[in-house]
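For reference, the structure is listed below as structure tokens.
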């Protein structure tokens, strides 16, 4: 897998993690998803942040 395909996949994973985290957070705030603990939402946000950092590092530092 070349660098641009890997970076595209990492960017897509970042968007998915961030989108799911925001959707769950908003739905929990409205009281629709009350049974999801805050730790799960925190893990989703941390996953999004890590994917974003990894995507940036892969794009800028790891030139193949």
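Residue numbers (my numbering): 16 to 79. Every residue, glycine too, gets a C-beta built ideally from N, C-alpha and C. From a predicted model like this one, the values you see are computed outputs, not experimental measurements.
Using the three-state DSSP reduction, which class does residue i fall into: helix, strand or coil?
{"i": "residue 45", "result": "coil"}
{"i": "residue 55", "result": "helix"}
{"i": "residue 50", "result": "coil"}
{"i": "residue 40", "result": "helix"}
What number of angstroms, rounded off, separates the C-alpha of residue i from the C-alpha of residue j?
{"i": "residue 41", "j": "residue 27", "result": "21 Å"}
{"i": "residue 43", "j": "residue 33", "result": "15 Å"}
{"i": "residue 46", "j": "residue 64", "result": "25 Å"}
{"i": "residue 37", "j": "residue 23", "result": "21 Å"}
{"i": "residue 55", "j": "residue 75", "result": "30 Å"}
Can you tell which of the options has its C-alpha closest to the C-alpha of residue i?
{"i": "residue 30", "options": "53, 67 and 73", "result": "67"}
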